[in-house]
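Residue numbers (our numbering): 21 to 527. Step one of this worksheet: look at the structure below.
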């Protein structure tokens with residue numbers, strides 16, 4: 021395996037941006053938070069229609085790619101074969117993109133919908149309970165994965181068919197930008213993409229570290245603290261560093277495989293020891309509600325009642341997922357050599373949606389059963405002690421709570437490590453001059469970004485600035501709206517221009 025040289029014109033500005041932004045966030049954290057929150061609110065209320073039309077539009081484009089004339093186009097040459105088994109491939113794309121977030125939100129999100137339901141439904145009513153899990157299935161289902169799938173197809177086509185020698189979003193925009201993709205405009209896009217990755221990882225950290233800290237504190241009879249959070253980040257960095265040293269084929273793949281086995285094991289355990297029939301029935305009912313109201317949920321902006329529900333949830337999620345989509349797209353593209361366009365789109369939508377639905381169906385259903393049957397007042401705990409305390413209460417309500425909590429912590433650590441591993445690999449790829457199918461970013465380069473991300477996490481944890489990073493990552497989603505248009509036009513243009521050069525996968 022050979023390694024490529026760093027592209028200084030992207031590496032140095034990205035490094036400077038991250039260092040300067042971190043220092044500013046630490047120094048001006050009290051004033052920066054409210055200002056950025058105000059900007060975020062303005063975006064979600066003024067561009068709600070844009071993000072919702074974008075997501076539906078991408079879904080329709082992906083259906084065309086799956087069933088249209090280009091569906092069997094192979095992402096590679098005649099002799100190119102998939103590098104990973106379908107299980108490892110699916111595990112990597114799910115672990116890199118959802119990871120710790122799905123562990124967190126699958127438990128706490130349904131409770132928010134129960135106490136603040138959509139469509140003017142009365143809070144904590146039976147109707148609110150019916151929508152509690154169905155809205156989680158919607159937010160983490162097909163629409164979310166459509167935002168990830170299109171950049172993945174365009175990047176894979178650019179890298180394996182057009183043979184653009186880099187894993188950069190600017191390269192994927194070359195069909196529209198032409199020579200400008202290699203100039204200032206292209207480099208600005210790539211630096212912006214790196215910042216969106218930093219913000220997306222900040223979101224995972226902002227959710228994952230306090231959650232794991234709360235569970236560990238409960239296990240050992242400690243109080244959650246900044247010191248414990250820092251220890252978690254350090255241990256997590258050690259796990260990541262080991263994985264990054266071994267690279268894409270041994271490191272990330274193995275971590276992802278372990279992730280999926282443990283995640284499935286934990287879900288099956290909860291189904292068996294929990295209210296099995298209620299979980300299965302509730303999931304079936306919630307899936308039916310979501311499918312029945314899919315288009316209404318997708319285009320719901322509530323302009324008359326102005327409850328703010330779609331802006332606080334749906335639009336925020338679409339903006340967050342759009343901001344992190346370039347990172348996921350680049351990573352999924354890199355591991356998808358030899359697949360057809362149809363196979364890539366179908367598997368991203370399938371693995372992603374089904375994995376998310378299983379977690380929301382099982383853990384969301386179990387949490388709602390605890391609440392509805394008055395076994396544990398999770399809504400009260402959420403209001404008084406916050407979301408991490410809800411996670412602890414749910415785990416403590418299960419049989420063998422100590423064993424389950426230990427497994428939950430290990431799974432959280434590995435999910436976080438996989439996210440950092442994938443992020444550092446992609447950032448290093450974007451800041452590398454040229455990459456071929458058989459080359460990887462330099463090992464020191466991947467490790468450097470991982471350690472920098474860890475240092476960023478520790479400094480922001482100490483100053484309480486992780487939520488601000490999450491907000492800034494969503495603000496990046498506004499220019500990403502334009503990026504989606506550029507890469508979509510590029511892909512259609514390339515598909516038409518290269519019809520006689522395509523290799524097709526047999527039916």
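Every residue, glycine too, gets a C-beta built ideally from N, C-alpha and C.
Measure the C-alpha to C-alpha separation of residue 47 and residue 346 and round it to an integer number of angstroms.
The straight-line gap from Cα to Cα measures roughly 29 Å.
Which residue marks the beginning of the alpha helix (DSSP H) containing residue 517, and which one marks its end?
497-517 is the span of the alpha helix (DSSP H), which, as asked, contains residue 517.
Identify every residue that forms a DSSP beta bridge with residue 524.
Per the DSSP secondary-structure output, residue 524 pairs in a beta bridge with 93.
Where do the ends of the alpha helix (DSSP H) carrying residue 334 lie?
Counting along the chain, residue 334 falls outside any alpha helix (DSSP H), and DSSP gives it neither H nor E.
Could you tell me if residue 32 is buried or exposed, where buried requires 16 or more neighbouring beta carbons within 10 angstroms of its beta carbon?
Residue 32 comes out exposed.
CB-CB under 6 Å to residue 148, same chain, minus the five flanking residues each way: which ones, in chain order?
Correct list, in chain order: 134, 137, 141.
Taking only beta-carbon positions, decide if residue 358 is within less than 8 Å of chain B.
This model lacks chain B altogether; it includes just one protein chain.
What residue from 155, 206, 236 has the CA that sits closest to residue 412's CA?
Looking at 155, 206, 236, the one whose alpha-carbon comes closest to that of residue 412 is 236.
Quick check on this structure: which residue in 293, 100, 436, 422 has the alpha carbon closest to the alpha carbon of residue 181?
With distances taken between Cα atoms, residue 181 lies closest to 100.
Out of 176, 124, 306, state which residue places its alpha-carbon closest to the alpha-carbon of residue 232.
The candidate whose alpha carbon is nearest that of residue 232 is 124.
Considering only residues of the same chain and omitting the five flanking positions on each side of residue 164, which have a CB-CB separation below 6 Å?
By the criterion of a C-beta distance shorter than 6 Å, residue 164 is surrounded in its chain by 341, once the five residues flanking it on both sides are discounted.
Please tell me whether residue 431 and residue 131 are closer than 8 Å, where the distance is taken between their beta carbons.
Their beta carbons are not under 8 Å apart, which means residue 431 does not touch residue 131 by this criterion.
Quick one: is residue 304 buried, meaning 16 or more other Cβ sit within 10 Å of its Cβ, or exposed?
Exposed, by the Cβ-count rule.
Close Cβ partners of residue 509 (< 6 Å) along its chain, the five nearest in sequence each way excluded
Correct list, in chain order: 196.
By Cβ distance below 6 Å, which residues in the same chain neighbour residue 320 in space, the five residues on each side in sequence not counted?
Within the same chain, residue 320 has close Cβ partners 330.
Residue 385 and residue 299 - do their beta-carbons sit closer together than 8 Å?
A contact, by the Cβ cut-off of 8 Å.
N- and C-terminal bounds of the alpha helix (DSSP H) containing residue 408:
DSSP places residue 408 inside the alpha helix (DSSP H), whose first and last residues are 407-416.
Counting pairs of Cβ atoms below 8 Å between the segment 71-80 and the segment 495-507, do you hit three or more?
Segments in contact, yes.
DSSP-derived helix/strand/coil call for residue 246:
DSSP, read as helix, strand or coil, puts residue 246 in helix.
Among 75, 52, 78, 211, whose alpha-carbon lies nearest the alpha-carbon of residue 451?
Comparing C-alpha distances from residue 451 to each of 75, 52, 78, 211 shows the shortest one belongs to 211.
Closest by C-alpha distance to residue 290, when choosing among 204, 419, 241, 309
In this structure, 419 is the residue among 204, 419, 241, 309 with its C-alpha nearest to the C-alpha of residue 290.
Span of the alpha helix (DSSP H) around residue 64
It spans 49-66 - the alpha helix (DSSP H) in which residue 64 sits, taken as one unbroken run.
What do you get for residue 351, buried or exposed, if any count of 16 or more other CB atoms within 10 angstroms of its CB means buried?
By the neighbour-count rule (16 or more Cβ atoms within 10 Å), residue 351 is buried.
Same chain, Cβ closer than 6 Å to residue 209, neighbours up to 5 away in sequence not counted:
Excluding positions up to five away in sequence, the list reads 189, 190.
Exposure of residue 143, with buried meaning 16 or more beta-carbon neighbours within 10 Å
By the neighbour-count rule (16 or more Cβ atoms within 10 Å), residue 143 is not buried but exposed.
With a CB to CB cut of under 7 Å and the five nearest residues on each side skipped, what residues in its chain are close to residue 29?
Same-chain partners within the cutoff: 207.
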